[in-house]
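Chemist: Following this message is one structure expressed as structure tokens.
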Amino acid sequence: MSRLFRSNHPFHLLLYLEWILLGVALLTLFVPFPRHHFLLPHFTPRGALRFPLGIFLSILALAGLGLKLPIHQSQKVKVLYTCLGFLLCWATVFMGGRFRDFFTPMLLIVVIRACLLFPCRQRLIAASVAYGSFLVRLMTGAQRMRPFPRLGPPPPWRSRGLPQELLASLQIRSALLFGLVLVFVFLMVGALLTERQSRTELAAANQRLRQYALMIENQATLQERNRIAREMHDSVGHSLTAQSIQLENVDVWMASDRAKATDHLAKARSLGKEALQNVRHTVATLRNNPLQGQSLSQALSHLTQEFERTTSIQVQFSTHLEMPVPREMAAALYRLVQEALTNVSKHSEATQVTIELTEQEMELSLNISDNGKGFLPEKNTTGFGLQGMQERTVALGGLFELWSQPQTGCHIQIKIPRLGEE
1 MSRLFRSNHP FHLLLYLEWI LLGVALLTLF VPFPRHHFLL PHFTPRGALR FPLGIFLSIL
61 ALAGLGLKLP IHQSQKVKVL YTCLGFLLCW ATVFMGGRFR DFFTPMLLIV VIRACLLFPC
121 RQRLIAASVA YGSFLVRLMT GAQRMRPFPR LGPPPPWRSR GLPQELLASL QIRSALLFGL
181 VLVFVFLMVG ALLTERQSRT ELAAANQRLR QYALMIENQA TLQERNRIAR EMHDSVGHSL
241 TAQSIQLENV DVWMASDRAK ATDHLAKARS LGKEALQNVR HTVATLRNNP LQGQSLSQAL
301 SHLTQEFERT TSIQVQFSTH LEMPVPREMA AALYRLVQEA LTNVSKHSEA TQVTIELTEQ
361 EMELSLNISD NGKGFLPEKN TTGFGLQGMQ ERTVALGGLF ELWSQPQTGC HIQIKIPRLG
421 EE
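Put into structure tokens, the structure is as follows:
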């Protein structure tokens with residue numbers, strides 16, 4: 001039973017407004033209408049409080065139509081629904097018998113519902129029909145209040161009819177007032193619909209953004225895992241494979257040539273240390289904040305010093321930054337330099353590396369070059385480190401460029417637009 005009377009009205013505010021208008025219509029129906037010989041001298045029935053059942057049922061029918069709006073129905077159903085509302089309004093006029101003002105609030109209810117069902121053009125048509133209905137009702141009702149022609153001495157109660165000028169003024173004012181009310185209702189419902197549409201679009205956009213953010217986060221996590229897996233396979237896997245070969249050689253030469261066995265054992269120990277260092281490097285890349293509370297310049301200075309100490313490759317590092325670098329961008333730049341130094345130590349056979357970080361207008365420029373053996377970029381199909389650097393740069397909206405030739409070293413230039421301050 002509760003489902004039967006449950007409304008699907010999209011706006012509670014407008015639903016309450018409809019109830020108020022229906023209450024006004026019922027109030028004008030049941031409140032006693034006093035006999036006023038000045039306005040309606042001969043149309044006030046002597047049985048002034050007879051119960052108008054037909055009008056009452058028409059008002060209830062209009063109220064019942066509001067419980068289930070055909071919002072998701074076809075255009076034909078919506079038009080029939082609106083026409084039925086207008087017919088109920090006129091039914092109260094034909095069954096009235098007394099000049100009561102329940103017609104106007106019922107028209108407003110039909111217009112409100114039409115505004116919820118139709119686009120702008122059809123709303124204007126419904127409002128025009130309502131306004132035309134009001135004018136017709138106003139003119140027919142005014143005919144009852146016009147003075148009678150002088151065919152003889154009028155009775156005393158007929159001599160007090162409304163003057164023609166006053167009646168015309170009342171008609172014009174009533175028409176203007178109802179027109180203003182229609183405009184207000186039209187604009188109010190339009191504003192509510194626009195706000196609701198904006199909220200719906202905003203909620204959908206936020207949902208899409210959350211989905212995109214989750215997809216990007218998952219993709220970034222997957223890319224980082226793949227990068228670490230490739231790095232461990234290329235470095236740790238290579239070191240452990242070589243160590244296994246050296247240990248096999250130790251087993252082969254242990255009985256016949258202990259000197260060679262000792263040499264192979266030393267190489268195996270060195271490879272084990274190298275593998276351990278690579279594992280530490282991989283673990284270090286997993287830290288959430290590689291800067292550890294330092295500025296970008298300080299963190300890069302410590303990184304280059306540690307690199308010189310462990311690889312004996314000289315690093316010339318310089319930075320020229322006038323403004324602080326945002327935290328996320330600083331972490332990304334640190335990773336880029338870290339990856340570049342790792343590539344230099346593994347593949348370049350360089351003795352010197354130059355790193356320069358400068359600020360140019362609204363972007364940061366990072367230049368890294370070495371004097372190593374170089375390579376042909378178009379033939380570098382296994383450069384996972386360089387690929388990771390490029391992906392990280394693109395993720396920041398930057399530009400990654402690389403130049404290299406055999407025996408001429410390698411030069412990398414990265415330009416990243418500023419995203420804001422810390």
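Quick note: the sequence shown, position 289, residue 289 per full-length UniProt numbering, numbers continuous. Think of the CB as a built atom: it goes at the ideal place given N, C-alpha and C, for glycine as much as any other residue.
1) Assuming VAL353 contacts ILE313 (C-beta within less than 8 Å), just tell me the rounded distance between them.
2) Within the same chain, show all residues whose beta-carbon is closer than 6 Å to that of TYR81, passing over the 5 residues directly before and after it, in chain order.
3) Measure the C-alpha to C-alpha separation of GLU378 and ASN226 and round it to an integer number of angstroms.
4) Under a Cβ-count criterion, where at least 16 other Cβ atoms within 10 Å of its own Cβ denotes burial, should ILE216 be classed as buried or exposed?
5) Pick out whichever of LYS373, MET389, ASN367 has its Cα sitting closest to the Cα of ILE412.
6) Going by beta carbon distance, what residues of the same chain come within less than 8 Å of LEU182, once the five residues before and after it are set aside?
7) In the UniProt domain "Histidine kinase" (333-420), which residue ranges form an unbroken alpha helix (DSSP H) of at least 4 residues, counting only runs that do not cross its ends?
8) At 4 residues or longer, and completely inside the segment 48-122: list those alpha helix (DSSP H) runs for me, N to C.
9) Using C-beta distances below 6 Å, list every residue in its chain close to LEU364, excluding the 5 sequence neighbours before and after it, in chain order.
10) Under the assumption that GLU391 contacts GLN197 (Cβ atoms under 8 Å), give the Cβ distance between them as a whole number of angstroms.
11) Tell me the rounded alpha-carbon separation between MET232 and SER239.
12) Name the residue from ALA331, GLY409, LEU402, THR200 whose alpha carbon lies nearest to the alpha carbon of HIS347.
13) Between which two residues does the beta strand (DSSP E) harbouring GLN314 extend?
14) Excluding the 5 residues flanking HIS320 on each side, which residues of the same chain have their C-beta closer than 7 Å to its C-beta?
15) With contact counted as at least three CB pairs below 8 Å, one residue from each stretch, are the segment 290-307 and the segment 333-346 in contact?
16) Can you list, in chain order, the residues of its chain with a C-beta nearer than 7 Å to that of ALA25? Leave out the 5 residues immediately preceding and following it.
17) Three-state secondary structure (DSSP) at LEU271?
18) Going by C-alpha distance, which of ILE355, LEU166, GLN211 is nearest TYR334?
19) Leaving out the 5 sequence neighbours to the left and right, which residues in its chain are closer than 7 Å to ARG150 when beta-carbon positions are compared?
20) Where does the unbroken alpha helix (DSSP H) through ALA297 begin, and where does it stop?
21) Excluding the 5 residues preceding and the 5 following LEU88 in the sequence, name in chain order all residues of the same chain whose CB lies nearer than 6 Å to its CB.
22) Classify GLN292 as buried or exposed, calling it buried when 16 or more other Cβ atoms lie within 10 Å of its own Cβ.
23) Less than 8 Å between the CB atoms is what I'm expecting for MET138 and GLN164, so what's the real figure, rounded?
24) Have a look at PHE375 and GLU349 and give me their C-alpha separation to the nearest angstrom.
25) So, under 8 Å CB-CB, LYS273 and GLN246 are touching, yes? Tell me the CB distance rounded to an integer number of Å.
26) What residues in its chain sit with their C-beta under 6 Å from that of ALA261, if we drop five residues either side in the sequence?
27) Considering only C-alpha positions, which residue in the set GLY179, VAL189, MET95 is nearest to LEU117?
28) Going along the chain, which residues of its own chain have a beta-carbon closer than 6 Å to the beta-carbon of PHE186, five neighbours each way excluded?
29) Using the rule of at least 16 other Cβ atoms within 10 Å of the residue's Cβ for burial, across every protein chain shown, is PRO324 buried or exposed?
30) Starting from the C-beta of GLN405, find all residues in its chain whose C-beta is less than 6 Å away, skip the five residues before and the five after it, and write them out in chain order.
31) Around the C-beta of ILE20, are 16 or more other C-beta atoms found within 10 angstroms, so that it is buried, or is it exposed?
32) For SER244, tell me which candidate among PHE56, ARG269, LEU336 has the shortest Cα-Cα distance.
33) Alpha carbons only, please: which of GLY385, LEU396, ARG418 is nearest the one belonging to LEU402?
34) Just to confirm, is the Cβ distance from ALA175 to LEU135 under 8 Å?
35) Exposed or buried, HIS302, counting other C-beta atoms within 10 Å across all chains shown (16 or more means buried)?
Modeler: Reading off the structure:
1) 6 Å between Cβ atoms; contact.
2) So the list reads PRO70, once near-sequence residues are dropped.
3) 22 Å
4) Here ILE216 is exposed: its Cβ has fewer than 16 other Cβ atoms, across all protein chains shown, within 10 Å.
5) Among LYS373, MET389, ASN367, the Cα nearest to that of ILE412 is on ASN367.
6) LEU108, VAL111, ALA127, ALA130, TYR131
7) 384-395
8) Listed in chain order, the complete alpha helix (DSSP H) runs (minimum 4 residues) inside the segment 48-122 are 53-65, 75-94, 103-117.
9) ILE416
10) About 39 Å; that fails the 8 Å criterion.
11) 10 Å
12) It is GLY409 whose Cα lies nearest to the Cα of HIS347.
13) 314-320
14) THR358, GLU359
15) At 8 Å Cβ cutoff, the stretches touch.
16) Closer than 7 Å at Cβ, skipping near neighbours: ILE59, PHE102, PRO105, MET106.
17) Of the three classes helix, strand and coil, the one that applies to LEU271 here is helix, per DSSP.
18) Nearest option by C-alpha distance: ILE355.
19) With a pLDDT of only 49 at ARG150, under 50, the local geometry of the prediction cannot be trusted, and the value read off the model is given with reservation. Here the set comprises nothing.
20) With the sequence shown as reference, residue 297 is identified as Ser, and Ala is not the correct amino acid for it. That run of the alpha helix (DSSP H) goes 296-311.
21) The residues are SER58, ALA61, LEU62.
22) By the Cβ-count criterion, GLN292 is exposed, with fewer than 16 other Cβ atoms from all chains shown falling within 10 Å of its own Cβ.
23) Here the sequence assigns Leu to residue 138, which means Met is not the residue at that position. Wrong, their Cβ atoms sit about 15 Å apart, outside the cutoff.
24) 11 Å
25) Between GLN246 and LYS273 the Cβ distance is about 13 Å, and since that is not below 8 Å, they are no contact.
26) VAL250, TRP253, MET254
27) VAL189
28) ALA127
29) Around the beta carbon of PRO324, fewer than 16 other beta carbons lie within 10 angstroms, which makes this residue exposed.
30) GLY374
31) exposed
32) Comparing Cα-Cα distances from SER244 to each of PHE56, ARG269, LEU336, the minimum goes to ARG269.
33) Looking at the Cα atoms, GLY385 is the closest of the given residues.
34) yes
35) exposed
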